Amino acid sequence: MVRKGLISCLCILMSFCAFTIDQNPAFQKGIDAFNKKDFAIATNHFEEELKNTPNNVSAQFNLGLSHSAQKNYGKAIVAFERVLKQMPMDYEAIDNIKYLYEELNNGEEWTSDISPLQRALYAITSTTWSYISIILSILFTITLHVFRSAKNHNKKRLSLLISGLLIALLFFSLYTASEAYQYETSRDIGIVTNIDQSETHHKKSDESIKEKKLPIGTKVKRIGLSKGKLQKVQTKNGATYYIRSSEIEFI
Amino acid sequence: MVLFANAQKKVHIELTPKNAEIGETFNITITSSVPGNLNFDNVPDLFIQDYNVQRGSKKSIDHVSRTIRAEYYYTFTGMITKAGQYNFGPVFITNGNKTHSSNKATITIGEKVQMQPGEVSSNQLQDPAFGIIQTNKKTIYEGAPLLVSCKIYAQYDPTHVGAYKSYTVPRSNRKHSIGNNATTIKHHIERFKGREYYTFDYDKNIIFPSRIGTFHIQPFSLNLHQGYESFPVVSGDIEIEVLPLPENPPSDFNGGVGKFSIESNLNSKTIKQGEVFNLKVKISGSGNLHNISAPELKLPDGFTVYGDPIINERYSIDINGAEGEIEYEYNVQAKNAGITELPETSISYFDPNKEKYIQSRTKEQKLNVVEDINFIAAQENDKTIKNKDLVVHRSEIRNIISIVKNNSLFGTTIFWSSLTLPFLASFFLLFLTKKRSQIDENIKNKQQRNEQLAQLKKHIEKAKSNSTTGPDQQFYPHIENALIKAFEIKMNRYGEQSREKQEILEYIDDQERQEKIRSIFASCDQAKYGFSPDKASRLETLNNLKAVIHNLNIIKW
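Heads up: the sequence lines are chains H and Y, in that order.
Using our numbering, the letters of the first sequence correspond one by one to residues 4 to 254.
Using our numbering, the letters of the second sequence correspond one by one to residues 179 to 735.
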């Protein structure tokens, strides 16, 4: 019986591996093109791979490298930021982003949106925090029952203490799960990727719009809905701009 | 740079600062690469020299010629009491038969800056000496220089200052000292609040407040001596309002607050194609010159700036703030041949006197770039080099697929159900347990009630059977027991001790029934103590019991 189970598990695992290889030919093609230094082709393959498997972090990372090799620094920053969104503790991606800002040399520098502690907590993912919350809620109810049924005074006190600790942990994990979920799902942070073809619009007042270019790599926050081709954004120093949607990619 | 200039000139004279106000102490430094006798006679007539003279020598290694070089220096301090421009030097160093002359140095003496004093309390005025903090302005714009100094008033002739503890400013702000803060003092007599005082300024500094809002200067303290006697002086504090610069500055605003001008200079008007030329942009003026940023060059296509500009700073901190010039030296390569007009470079700064942003710009300059065939060929070769050969990767490509699950459990129905399920289950379990114990209790009560009813029936039956024939002891105890049992059942008190007569009587509201119960108990008591009632009384007692039990409605008689 055990043997049968093991064999079936092995079969499932092998079929899964075969599935991943068969299902990701674009990924392999991208790697081949990258190794041949055909970075434009590699970019196309990695983009195709991400269309099919948007959560393939390796493809996202490789896409960043391909853009970086072609000196598309804005797009490369976007790709690495997306890697960070999915894997907040990917320090290689952070290093690459910092390097790209150095290369851009336009006064912009990478600043993290979250603290190192938040980064470590969000890396555990909202799903894991959700499971932890569920386990804690089960443990909490068990300790409550122990407290209710306990006749020994010491046992009652201990179970009450553990219940208090568990409820505190439960609230912490629920809060962290909510924050991690928000970090994973929000699409409000954008990077200026292109300023060659058009200009950025600085809204001075309701009547007049003054043109001003934002440098590539500028991190902005989406505020409000887009109006036609223009998107209202805010830079980290609090200035508000209208920027063309084609010039910006949201992470 | 200075050393190199000195090496050529041998004797050099320098004044610091280059701008001072009437009565302000300034330094004259003479450096010489040769020893000898100094002739320091070429000084303005109005120059009042201090006794404070320093002289000495220092040795340094010249790494180019690998020789040890000696440098002799003389430092004088002094002041001038009338506004104007004054020349010092040339000074002469005589060594044997040779006389070496120096350059000339100029200082501009301005009118005394009007200072605004801080608050003076009536208590301070009664002291033999008191001090205040004074500033040139009470309201300034952020970035603008603020002149701060102490002013000490004494009713006695002070000789020197001791145990001086300077006024303090918020941490992020640096104090730039102006003038000479010697412990010996130069005072004059001044009338203040109707009384004459010996007074003098002390510890003059320039500060560039960096934050808007209230800028708080904490008090200073010192001991004001007259020979060996001294009086402790502690000043009050002072607050300055720092205003923000107007909103929406021009795009070429370089952070300058003061008065500035910009000019540019090319090292050559004609260059070969591909050559790197030197474009110098100089910003001069006074204000927060040390805090301005480099101007942004506007160059036409075909011009490439190499690296960051080389910055040459030549400024000093004086009563007007940072005064002097900063030169930005850009290395630019011209790739396209032809006569090109280099566009003007502009900066904008904020003038606190005019309270608006002012733009200053350089003149356009023409540059003739002569065609170079070799450079064109080299350019073509460069183009053939593929980009891929120049790429430097900071990371290795990732060959292993790593997939992160995007569908978060958080917020889903499954999540909230799973989270709340233990709580719900817990409450449900609690409810069930409670319900079950209640049912058990009901069953138990019902069993006890049945037992009681059976006992009641038994007592009634026995009482009935003995009502006419049996002795009293076999009738009345059953009557009494039946009555008590009936009330126990009615009052839902099972397994408890027998009810007291009084309790049973209190349970009944009806007067008539109470009388009947009393009569039953009386008959029972009579029988108990040997006063046997007659047989007819037994029947009456039985009927009374019947009536009571019937009213209680617990069994059918």
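Every residue gets a Cβ at the ideal spot worked out from N, C-alpha and C, and that includes glycine.
All values reported here derive from a predicted model rather than from experimental measurement.
- Annotation: residue 345 of chain Y is outside any beta strand (DSSP E) and is labelled neither H nor E by DSSP.
- Secondary structure at residue 576 of chain Y: coil, using DSSP grouped into helix, strand and coil.
- Remark: three or more beta-carbon pairs, one from each stretch, lie closer than 8 angstroms, so the stretch 286 to 293 of chain Y and the stretch 195 to 206 of chain Y are flagged as touching.
- For the stretch 86 to 97 of chain H, the set of residues with a beta-carbon nearer than 8 angstroms to any beta-carbon of chain Y comprises 89, 90, 95, in chain order.
- Within the model, the alpha-carbon separation for residue 446 of chain Y versus residue 51 of chain H is close to 53 angstroms.
- Contact between the stretch 513 to 528 of chain Y and the stretch 420 to 435 of chain Y is present, with at least three C-beta pairs closer than 8 angstroms.
- As computed with DSSP, residue 543 of chain Y is found in a beta bridge with Y/520.
- The beta carbon of residue 548 of chain Y sits closer than 8 angstroms to the beta carbons of 448, 449, 450, 451, 515 from its chain, once the five residues preceding and following it are set aside; these are given in chain order.
- Counting C-beta atoms within 10 angstroms of its own C-beta, residue 382 of chain Y has 16 or more neighbours from the protein chains shown and is therefore classed as buried.
- With respect to residue 179 of chain H, residue 113 of chain H sits apart: the two C-beta atoms are not nearer than 7 angstroms.
- Its Cα nearest to that of residue 319 of chain Y, the residue Y/421 stands out among Y/331, Y/704, Y/421, Y/587.
- Residue 254 of chain H places its beta carbon less than 7 angstroms from that of residue 88 of chain H.
- For residue 190 of chain Y, the enclosing beta strand (DSSP E) begins and ends at 189 to 194.
- In the DSSP assignment, residue 163 of chain H falls within the alpha helix (DSSP H) that extends over 156 to 188.
- Sequence-ordered contacts of the stretch 235 to 252 of chain H with chain Y are nonexistent [C-beta pairs closer than 8 angstroms].
- With at least 16 other beta carbons inside 10 angstroms of its own, residue 465 of chain Y counts as buried.
- Rounded to whole angstroms, residue 278 of chain Y and residue 455 of chain Y show a C-alpha spacing of 38 angstroms.
- For the pair of segments examined, the stretch 393 to 406 of chain Y was found to touch the stretch 338 to 349 of chain Y: the number of CB pairs separated by less than 8 angstroms reaches three.
- Among the CB atoms of chain Y, none fall inside 7 angstroms of the CB of residue 175 of chain H.
- Taking 7 angstroms as the threshold, the shortest C-beta distance from residue 490 of chain Y to chain H does not fall below it.
- The C-alpha of residue 695 of chain Y is placed about 12 angstroms away from the C-alpha of residue 687 of chain Y.
- Along the stretch 175 to 193 of chain H, going in chain order, the ones with a CB nearer than 9 angstroms to a CB of chain Y are 177, 180, 181, 183, 184, 187, 188.
- Residue pairing by DSSP puts residue 502 of chain Y in a beta bridge opposite Y/463, Y/493.
- Chain Y places a beta carbon closer than 7 angstroms to that of residue 102 of chain H, counting this residue as a contact.
- Judged by DSSP in its simplified three-state form, residue 292 of chain Y adopts coil rather than helix or strand.
- Contact check between the stretch 244 to 254 of chain H and the stretch 259 to 277 of chain Y: fewer than three CB pairs, one atom from each, fall below 8 angstroms, which does not count as touching.
- A direct Cα-to-Cα measurement between residue 283 of chain Y and residue 263 of chain Y gives close to 10 angstroms.
- Straight-line spacing of the CA atoms in residue 613 of chain Y and residue 149 of chain H works out to 20 angstroms.
- Residue environment for residue 90 of chain H: buried (at least 16 other C-beta atoms within 10 angstroms of its C-beta).
- Listed in chain order, the non-local C-beta contacts of residue 705 of chain Y below 6 angstroms within the same chain comprise 650, 654, local neighbours out to five positions each way being set aside.
- Residue contact check for residue 170 of chain H against chain Y: no CB pair falls below 7 angstroms.
- Taking the Cα positions, residue 393 of chain Y is about 11 angstroms away from residue 385 of chain Y.
- Its chain contains 376, 404 as the residues whose beta carbon lies nearer than 7 angstroms to that of residue 335 of chain Y, once the 5 sequence neighbours on both sides are disregarded; these appear in chain order.
- Just measuring C-alpha positions, the residue of Y/627, Y/683, Y/636 sitting nearest residue 735 of chain Y is Y/636.
- Rounded to the nearest whole angstrom, the CA to CA distance from residue 411 of chain Y to residue 191 of chain Y is 39 angstroms.
- Three or more pairs of CB atoms, one per stretch, sit closer than 8 angstroms, so the stretch 212 to 222 of chain Y contacts the stretch 247 to 254 of chain Y.
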